[in-house]
Structures are given as C-alpha cells and as structure tokens.
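J.: There's a structure below that I have some questions on.
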Amino acid sequence: MGRSSTAMALASVVLTFIECEAATQYVVGNGRGWTAPPNITAGFYDEWAASKSFEGNDALVFKFNGTHSLAAVSTEEYDNFAKVFPIGDGTNGFSYGYQIPRKAGVYYFICTVDSHCEAGQKLAINVTSAGFATWSPPSPLTSGALSTVLYTFAFFLSGH
C-alpha cells in the first residue's frame, strides 16, 4: 500500500510537468442562450462571438431558450437562411454540445425554426488555430524536471 501511495503521488507530480492545452467551453449567448427575438436583436450572436478566441477542440454549448433547432451550415446556407436538416432540436432547457473541428476557418450555425434565422438567430465563428492538433516541444527546464521526476518514480517502483 505504501508503494502504491508513493506511485500515485509521483504520478501527480509527473502530470504537473506535462504541458497540456485545455479546450475552452463556450455557452453560446451566455445567459440568454440559443434564442430568438424578442430575447435578442439582430447581430447579437455576432457581437457575442467577436469577443471570443475560438480554437479547434473548443466546445460550443447551445442552451435552448424556447423551441429551436441547430444546424451547422455552409456560407451560402447561412447567407440564404436555408431550411436544412438540423443536427439538434428541442425546447426550453435542451442543450446541444458541438466540438469545434481542429481545422481553422469560419463555422456557421443557424436555427431552422420559422423565421428565427432571418430575425438574428444565427452564429458565425472564426476558428483561428487548430487547438490540440498543434504541438511544440517542452522547454529544456520542463524536460529536465520531467526527467528527474521519471527517474525518481522508477527508483521508488524498483524498491529503492
């Protein structure tokens, strides 16, 4: 049991030295959620997205405030308020999670219920980087510290 506790403690230290980039979770529209007028005005989601820096592997959470749908669409479908098959639909309280792909670019979402999209229930996000798809080597200090921890870990597991 003592060796197991030591191993767990050292494993925790090892994880401390591993550099991980955590994905960010965004609740679309913050407290207003995924909704239509009169809860929002045209351009509301554009303003919401403008202050964010989206990366690949981040997550969007669409919390439905009312009866809505969610469709991931092309630029043309976005511009023309296309009535496409939704990837999610529901009523007040329903949430749909969408993981942003690792590819940088612009991603478009609309509500296909009635004229909600035309009234402003649409979102375009600009994904600026690939998130976890990119990797850079750790700094020499991190590599040295990690080597020391791994050596100590192996020493304790071997029974001293």
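FYI, in mature numbering (1 follows the signal peptide of the UniProt record, and there is no 0) the residues of the sequence shown are -22 to -1, 1 to 138.
Even for Gly, the Cβ is constructed at its ideal location relative to N, Cα and C.
(1) Identify which residue in Val39, Trp26, Thr45 has its Cα closest to the Cα of cysteine 89.
(2) Kindly confirm or deny that the segment 64 to 83 and the segment 30 to 41 touch, where touching means at least three C-beta pairs closer than 8 Å.
(3) Judging by CA-CA distance, which residue of Tyr86, Tyr85, Ser47, Thr2 is the nearest neighbour of lysine 93?
(4) Are the Cβ atoms of proline 15 and alanine 97 separated by less than 7 Å?
(5) Would you list the residues sitting across from glutamine 99 in a DSSP beta bridge?
(6) How many angstroms separate the CA atom of alanine 20 from the CA atom of leucine 101?
(7) Have a look at the DSSP bridge pairing and note the partners of valine 51.
(8) Quick check: the Cα distance between tryptophan 12 and asparagine 70, rounded to an integer number of angstroms?
(9) Using three-state DSSP, classify aspartate 57 as helix, strand or coil.
(10) With the cut-off set at 7 Å, would you say alanine 28 and isoleucine 103 are in Cβ contact?
(11) Under DSSP, the alpha helix (DSSP H) around phenylalanine 22 begins and ends at which residues?
T.: Quick look at the numbers:
(1) Nearest C-alpha to cysteine 89: Thr45.
(2) Result yes; three or more Cβ-Cβ pairs closer than 8 Å.
(3) It should be noted that the sequence gives serine, not lysine, for residue 93. If we check each option's Cα against that of serine 93, Ser47 comes out closest.
(4) In this structure, alanine 97 lies closer than 7 Å to proline 15 by Cβ.
(5) In DSSP, glutamine 99 forms no bridge with anything.
(6) Distance between alanine 20 and leucine 101, taken at the CA atoms: about 11 Å.
(7) Among the bridge pairs identified by DSSP, valine 51 is matched with Tyr86.
(8) In a straight line, the C-alpha of tryptophan 12 is about 10 Å away from that of asparagine 70.
(9) Under the three-state reduction of DSSP output, aspartate 57 falls in the helix class.
(10) In this structure, isoleucine 103 does not lie closer than 7 Å to alanine 28 by Cβ.
(11) Element bounds for phenylalanine 22: 22 to 28.
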